[in-house]
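One structure below.
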Amino acid sequence: MLHLPLNDISRLHALTKDAERVAIVAHTHPDGDAIGSACALCAFLQSLGKEACVILPDSVDQTLKFMTQDVVPLVWTDDPASAAAIISSRDLLFCLDCNAWDRTAGMADALSGAKAAKVLIDHHLGPDTKAFDLCFSKSYISSASELLYWILLTFPEVDGDASKLPEAAARSLMTGMTTDTNNFANSVFPTTFEMAADLIAAGVDRDAILASLYNNYNERRFRLMGHMLKDVMTITPEGAACMILRKDDRQAYGVNEGETDGFVNLPLGIGSVRMSIFLKEDEGHYRVSIRSRKDLAINQFAKDCFHGGGHAQASGGKLYWPADIPGPDAAESYVLSALKDFLKNR
Ligand code: 5GP
Ligand code: MN
Numbered sequence: 010m011l012h013l014p015l016n017d018i019s020r021l022h023a024l025t026k027d028a029e030r031v032a033i034v035a036h037t038h039p040d041g042d043a044i045g046s047a048c049a050l051c052a053f054l055q056s057l058g059k060e061a062c063v064i065l066p067d068s069v070d071q072t073l074k075f076m077t078q079d080v081v082p083l084v085w086t087d088d089p090a091s092a093a094a095i096i097s098s099r100d101l102l103f104c105l106d107c108n109a110w111d112r113t114a115g116m117a118d119a120l121s122g123a124k125a126a127k128v129l130i131d132h133h134l135g136p137d138t139k140a141f142d143l144c145f146s147k148s149y150i151s152s153a154s155e156l157l158y159w160i161l162l163t164f165p166e167v168d169g170d171a172s173k174l175p176e177a178a179a180r181s182l183m184t185g186m187t188t189d190t191n192n193f194a195n196s197v198f199p200t201t202f203e204m205a206a207d208l209i210a211a212g213v214d215r216d217a218i219l220a221s222l223y224n225n226y227n228e229r230r231f232r233l234m235g236h237m238l239k240d241v242m243t244i245t246p247e248g249a250a251c252m253i254l255r256k257d258d259r260q261a262y263g264v265n266e267g268e269t270d271g272f273v274n275l276p277l278g279i280g281s282v283r284m285s286i287f288l289k290e291d292e293g294h295y296r297v298s299i300r301s302r303k304d305l306a307i308n309q310f311a312k313d314c315f316h317g318g319g320h321a322q323a324s325g326g327k328l329y330w331p332a333d334i335p336g337p338d339a340a341e342s343y344v345l346s347a348l349k350d351f352l353k354n355r
């Protein structure tokens, strides 16, 4: 069981009881944990009779659409004016898997200016505590989904019994935790297994979740993966692997955005590789993903070289042109030189 501050839990129960209309938001390019935690909380609040909705900064990738079968999130970029009107009409806002409003991109102003009470439930470092009335922030945990799981168990309606969670909430929490731990490969704690055991005992079908997450890709993703590993990946003498995915290449293989999730983990299967960096070309910038082994923290590197941050073993950021590099072709030399500096004395 995860121990949570009793005062904060009482305040959360009171805020929830008093609220009638609730909105839940999560970070841009929502991943499984963002979607899973937000949809789970929404399903739970709806089961309490609240008018609750999820609003995401941008759309859910095709590979994760199966997670939105019960709670269908609104997407800010589809209709910002309507989404802003909903936000301003709410009396309670939850921010999930996201440590600051500015990680909600276009929604940030509407959220920070809203009159509603604001609650953070997140596992990233450096939460913007001033922006919230109540914060549940813990970085030594697998995922926002796990933190939310332990919070939901404290509600009198659940009373510590996972089988009393709405089925959609239980399934979403399990899915979110599974994606953020890369199926129990990283950031797993005793409480993570405890949560999983409770949810499976409560009837969550883990096999179905794994099939949807990991055995439902199309062939094109694997063809592109082969190309990246064979023709694109560089491994430096210091043990850093680097792969840069150009837009033309992605399009030539007919692969959409989310279908490259997980590529960054592949080089860590090589014994001599200590860290892996994966860049994906976007408009005017690359999106950067970085992963490392347990003895090497890379979040400061993400901050210093890619305007980003994150967790010790899983971080990310961006590389812009012309601000950081003259153009997209210059990315490789920038990254290789940054990696050399970073790993020099490590
Ligand atoms: P991913 O590689 O899965 O996109 O991101 C891994 C982690 O890196 C995220 O959970 C988040 O903590 C962090 N991260 C990714 N992109 C950014 C970014 O642009 N800014 C910051 N501050 N953190 C990021
Ligand atoms: Mn997360």
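Per our numbering: the sequence shown = residues 10 to 355. All residues carry an ideal CB built from backbone N, CA and C; glycine is no exception.
Query                                                                                                                                                                                             : Result
Which residues in the same chain have their Cβ closer than 7 angstroms to the Cβ of residue 144, if we skip the five residues on either side of it in sequence?                                   : 129, 136 and 138
Please list, in chain order, all residues of the same chain as residue 311 whose beta carbon is under 8 angstroms from its beta carbon, the five residues on each side excluded.                  : 297, 299, 317, 318, 319, 324, 325 and 326
Quick one: Cα of residue 260 to Cα of residue 295, how far?                                                                                                                                       : 15 angstroms
Considering just the uninterrupted stretch of the beta strand (DSSP E) at residue 144, what are its terminal residues?                                                                            : 143-146
If you draw a straight line from the alpha carbon of residue 224 to that of residue 278, how long is it in whole angstroms?                                                                       : 19 angstroms
Please classify residue 155 as buried or exposed, where buried requires at least 16 neighbouring CB atoms within 10 angstroms.                                                                    : buried
Helix, strand or coil: how does DSSP classify residue 60 here?                                                                                                                                    : strand
Leaving out the 5 sequence neighbours to the left and right, which residues in its chain are closer than 8 angstroms to residue 160 when beta-carbon positions are compared?                      : 13, 18, 21, 130 and 145
Got a sec? Which residues, its chain only, sit under 8 angstroms from residue 77 by beta carbon, not counting five neighbours each side?                                                          : 44, 48 and 69
When the distance is taken between beta carbons, is residue 106 closer than 7 angstroms to residue 35?                                                                                            : yes
Can you determine whether any heavy atom of the ligand MN sits closer than 6 angstroms to the C-beta of residue 47, and answer yes or no?                                                         : no
Quick check for students: name the residue ranges of the alpha helix (DSSP H) that lie wholly in the segment 230-265, counting only runs of 4 or more.                                            : 256-261
Starting from the N-terminal side, write out each stretch of the beta strand (DSSP E) that is 3 residues or longer and does not extend beyond the segment 90-133.                                 : 101-105 and 126-131
Looking at the strands, I want to know which residues DSSP matches up with residue 290.                                                                                                           : 295
Counting C-beta neighbours from all protein chains within 10 Å, is the total for residue 202 16 or more, i.e. buried, or is it exposed?                                                           : exposed
Are residue 242 and residue 287 close, meaning C-beta to C-beta below 7 angstroms?                                                                                                                : no
Are residue 111 and residue 127 close, meaning C-beta to C-beta below 7 angstroms?                                                                                                                : no
Inspect the beta-carbon positions of residue 189 and residue 152 and report whether they are closer than 7 angstroms.                                                                             : yes
Per DSSP, which residues does residue 329 bridge with? Please list them.                                                                                                                          : 294
In the segment 10-46, which residue ranges form an unbroken beta strand (DSSP E) of at least 3 residues, counting only runs that do not cross its ends?                                           : 30-35
In three-state DSSP terms, what is residue 212?                                                                                                                                                   : coil
Here's the rule: buried if 16 or more other CB atoms are within 10 angstroms of the residue's CB, otherwise exposed. What is residue 31?                                                          : buried
Short of 8 angstroms in beta carbon distance, which residues of its chain neighbour residue 341, apart from the five on each side in sequence? Order them along the chain.                        : 243, 251 and 253
Just the C-alpha distance for residue 270 and residue 264, rounded to the nearest angstrom, thanks.                                                                                               : 11 angstroms
Quick check: does the Cβ of residue 189 come within less than 6 angstroms of any heavy atom belonging to the ligand MN?                                                                           : yes
Taking only heavy atoms of the ligand 5GP into account, decide whether any of them is closer than 6 angstroms to the Cβ of residue 22.                                                            : no
Can you tell me whether residue 137 sits near the ligand MN, meaning its C-beta is under 6 angstroms from at least one heavy atom of the ligand?                                                  : no
Could you name the residues of the same chain whose beta carbon sits closer than 8 angstroms to that of residue 281, not counting the 5 residues immediately before and after it, in chain order? : 244 and 248
Name the DSSP bridge partner or partners of residue 300?                                                                                                                                          : 285 and 323
Flag residue 323 as yes if its beta-carbon sits less than 7 angstroms from any beta-carbon of chain C, otherwise no.                                                                              : Structure shown: chain C not included; a single protein chain is present.
Verify the contact flag: residue 106, CB atom, against every heavy atom of the ligand MN, threshold strictly below 6 angstroms.                                                                   : yes
Excluding the 5 residues preceding and the 5 following residue 150 in the sequence, name in chain order all residues of the same chain whose CB lies nearer than 8 angstroms to its CB.           : 11, 132, 156, 196, 198, 200 and 201
Pick from 158, 169 and 165: whose alpha carbon is nearest that of residue 185?                                                                                                                    : 158
Any heavy atom of the ligand MN inside 6 angstroms of the beta-carbon of residue 249?                                                                                                             : no
So if DSSP puts residue 65 in a beta bridge, which residue, or which two residues, is it bridged to?                                                                                              : 84
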